[in-house]
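Novice: Structure provided below as structure tokens; questions to follow.
In this note's numbering, the protein residues as written are 16 to 88.
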């Protein structure tokens, strides 16, 4: 990535959870990590400047979707 470059990151979160998803249909089972918004921002801001951060709630009890535009520090 170019110095001062931008990129888009999209991920799911809204709660803290880390581990293998037991109901996964894939073999081997996949590892997932979800973060609350405040924790995710803290982790990302160690390396990137957050230019834009949007939270898109998803109906039901599922995770939220986070969309971010980040700039390399």
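No residue lacks a Cβ here, since even glycine has one placed at the ideal position from N, Cα and C. Since this is a predicted model, take the numbers as computed values, not measurements.
Would the segment 34-41 and the segment 52-70 be scored as touching if the rule is three or more Cβ pairs under 8 Å?
Specialist: Judged by Cβ distances under 8 Å, the segment 34-41 makes no contact with the segment 52-70, as fewer than three pairs qualify.
Novice: Please state if the CB of residue 78 and the CB of residue 46 are separated by a distance shorter than 8 Å.
Specialist: Going by C-beta atoms, residue 46 is not nearer than 8 Å to residue 78.
Novice: Nearest-angstrom Cα distance between residue 62 and residue 18?
Specialist: So the two alpha carbons sit approximately 12 Å from each other.
Novice: Which residues share a DSSP beta bridge with residue 65?
Specialist: Answer is 85.
Novice: So residue 32 is in the beta strand (DSSP E); what residue range does that whole segment cover?
Specialist: First-last of the beta strand (DSSP E) with residue 32: 32-35.
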